[in-house]
Amino acid sequence: MNSIIERIEKEIAAWAPEVGAEEVGVVRATGDGIAEIDGLEKAVLSEMVLFDPTFDRTLTEALADPNPIYGLILNLEEDGVRAVILGDASKIYEGMLVRRLNRLLSISVGPELVGRVVNPLGEPVDGKGPTKAKEERPIEREAYGVIDRAPVNVPLHTGIKAVDAMIPIGRGQRELIIGDRGTGKTTIAIDTIINQKSESATTRPICIYVAIGQKESKTAKLVAELAARGAMEYSIVVTAPASSPAALQFLAPFAGATIGEYFMEQGKDALVVYDDLSKQAVAYRQLALLLRRPPGREAYPGDIFYLHSRLLERAAKLSKEKGGGSLTALPIIETQEGDVSAYIPTNVISITDGQIYLETNLFNKGQRPAINVGISVSRVGSSAQTKAMKKVAGKIKLELAQFRELEAFMQFSSDLDPETKKRIDAGRRMTEILNQGRGVPLPFEMEAAIIFTATSGYLNSFAPEEIKEVEEKLRDYLYREAGGVLAAIKESREIREETEKTLREKLDAFVAQHKN
Amino acid sequence: MIDTYTRILEAAAEVEDKEASDAAVTKLIMHLKSMGRLKMLPQIARELRKVAARRAARRPVIEVAHHKEAAAALRAAAAAGISASHTSVNHGLIHGWRARSHGRLIDHSAKRALLTIYQTVTR
């Protein structure tokens, strides 16, 4: 109690009346989360304002509900401004005083946020108290220019064999995950976050998961899963649930990018997942229509492309002079009925450095992840792929594409020549090997060893139906008997001659042991 | 259209000569009648009321917590650039004064100070 009294007395003693004038406006009209404000002549775009409920109340009334409500100016007009309300809009009334805060919308950033769940304003929503983050940064800023960037050449392992082998992602890259609802888009992102646990503490990226317009139960489940797998130790969750105002859903990805940039500028690596940008686009469309901006295609405003391009441009690999940090972005887009040619999907496809396309048909066939290898691509990732993975996975994509063609042909012909049958079996085996359930990302060295086994023909003596079981046994066997080989691959990031020789010996022994 | 007519009348209201401004209103009514757009008149009146309310909100207002602080408040506000002929009493301020004019606010009240302290301590 004494400490509180002391603190209050200290504040009273330190108080000096502020003589300076501040610029204020008055709410002219409010509705649908938008406030029309008279005045604020010198206000600038993206500036924060404070709706002051205490101005025309007595002190007792004011103390009963002292929490300020913030707004964000999005329209500058002739006789006032229009702002989106970043809080409970029902508390805003006509004639309410609005103060300029003379600062752009900012959030607190720093290592104190790691392990926390925050809203797009940086306020904690996990019930663990204040975040204690000291540094504040504006959420909108210009992306780094060409001079400050370095080529993407360090891999970011997702732990998913199909992705790491065929659609490799580099640190600083923007790889879109696209597909219909329920095809496993979030699973790929979450598995990637979980897989970072296998990285050493020095190279492990800080992971930021931005949930936009998601059900709160889904986000709670994801946070629990990340915590259970020990991934919250290096993760931050930014959430703007479906029940939050459209303004917060529109701001959430920018908040995630700002948090990620902080770590990037510290010379560290960061990974940010935007789940998903379709919902952000819908929230932005809602805001734009309420702000009476002219609607364009599909009623989206004219600057919807710029919204996503300025966000995704913030993903970068910085040059050595700038500390060498990186911010990798995994935006997610939900398609309707597999239509990748819709407005928002085509926009984001053209902005990103590649896409992982997930298909409902493949998902229903039991393929996990349900990646359509034909139209999935990584435009810069191959230069970030490790030598080991390049060596073992070089031809997989081509072989799988050939297999898919043959598979289609096979439906019309029952009598196949031995060579075609052999190819089809090999394709089936490879498909089985690349099949990977949720929540089991593999360390890079294990992925390389398994794919090496498959591409070198060691599994040819097994029927495609047996592959799943054989792979499990192989993993156990490699962990048990080939620890040295795995360690060598992990350390050197390649399969050297010596290592390959030992691995082949171990695999020969494994096949001899398990062959029917 | 309504905006244009409102602006014309707003400009007419600025003119000191009352007869001239009355004449402007009469002319506008005649014009609307001849165009068959007399229906717009209530909307124009509504817009003008909004403009008047907006202007009233921008007039200098000086509030004090007690009558005895009025003279000092007027002097201090004038020094800070807000001049008014009188003050109004607002007991909710507890102590001190606050002045508002043309989108500028100077809050010298104890209520604001106490709220600032409360927010700092409880943050």
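Residue numbers (our numbering), protein chains in the order written: chain H, 11 to 526; chain F, -8 to 114.
C-beta atoms are modelled at their ideal positions from N, C-alpha and C, and glycine is treated no differently.
Being a predicted model, the structure only gives us computed values, none of them experimental.
Using a Cβ-Cβ cut-off of 8 Å, tyrosine 109 (chain F) is close to Leu73, Pro76 of chain H, given in chain order. Counted as a single uninterrupted DSSP element, the alpha helix (DSSP H) harbouring leucine 232 (chain H) occupies residues 226 to 238. Note: phenylalanine 61 (chain H) is bridge-paired with H:Ile79, H:Val108 in the DSSP secondary-structure output. Rounded to whole angstroms, the gap between the alpha carbons of threonine 113 (chain F) and lysine 20 (chain H) is 14 Å. Each of H:Phe520, H:Met456, H:Thr465 was checked against the Cα of glycine 493 (chain H), and the nearest Cα belongs to H:Met456.
Considering only H:Asp75, H:Glu150, H:Leu84, H:Glu46, the residue with the shortest C-alpha distance to lysine 101 (chain H) is H:Asp75.
Within the model, the alpha-carbon separation for threonine 68 (chain H) versus lysine 102 (chain F) is close to 8 Å.
Within chain F, no C-beta atom comes less than 7 Å from the C-beta of aspartate 98 (chain H); the nearest is roughly 18 Å away. In the three-state scheme derived from DSSP, where H, G and I count as helix and E and B as strand, glutamate 10 (chain F) is classed as helix.
For chain F, none of the residues of the segment 106 to 119 of chain H brings a beta carbon within less than 7 Å of one of its beta carbons. Within the same chain, Lys195, Thr345, Tyr367, Leu368, Glu369 come within 7 Å of glycine 189 (chain H) by CB-CB distance, once the 5 residues on both sides are set aside. Of all residues in the segment 44 to 58 of chain H, only Asp48, Gly49, Leu50, Glu51, Lys52 come within less than 9 Å of chain F when Cβ atoms are compared, listed by chain position. Against valine 36 (chain H), the close residues of chain F are Ala48, in the order they occur along the chain (beta-carbon pairs closer than 8 Å).
Nearest Cα to leucine 299 (chain H) within the set H:Ala418, H:Glu415, H:Met58, H:Ala256: H:Ala256. Proximity to leucine 166 (chain H) across H:Asn85, H:Val156, H:Val390, H:Gly180 peaks at H:Gly180, based on C-alpha coordinates.
Between the C-alpha atoms of glycine 120 (chain H) and glycine 335 (chain H) there is a straight-line separation of about 15 Å. In this structure, the CA atom of threonine 512 (chain H) is about 10 Å from the CA atom of arginine 506 (chain H). Neighbourhood of valine 80 (chain F) in chain H, by CB distance below 8 Å: empty, with the nearest CB roughly 14 Å away. Glutamate 46 (chain H) and leucine 131 (chain H) have their C-alpha atoms spaced approximately 22 Å apart.
In terms of Cβ geometry, lysine 407 (chain H) and valine 383 (chain H) form a close pair [threshold 9 Å]. For aspartate -6 (chain F), the enclosing alpha helix (DSSP H) covers residues -7 to 5.
Leucine 114 (chain H) sits in a strand when the DSSP states are folded into three classes. Residue pairing from DSSP leaves serine 210 (chain H) without any beta-bridge partner.
Interface residue (Cβ-Cβ distance to chain H less than 9 Å): threonine -5 (chain F) is not classified as such.
The residues Gly333, Gly335, in chain order, have a CB closer than 7 Å to that of glutamate 275 (chain H) in the same chain once the five nearest residues on each side in sequence are set aside. Remark: three or more beta-carbon pairs, one from each stretch, lie closer than 8 Å, so the segment 86 to 103 of chain F and the segment 68 to 75 of chain F are flagged as touching.
At a beta-carbon threshold of 9 Å, the residues of chain F lying near glutamate 32 (chain H) are Arg95, Leu96, Ile97, Asp98, ordered along the chain.
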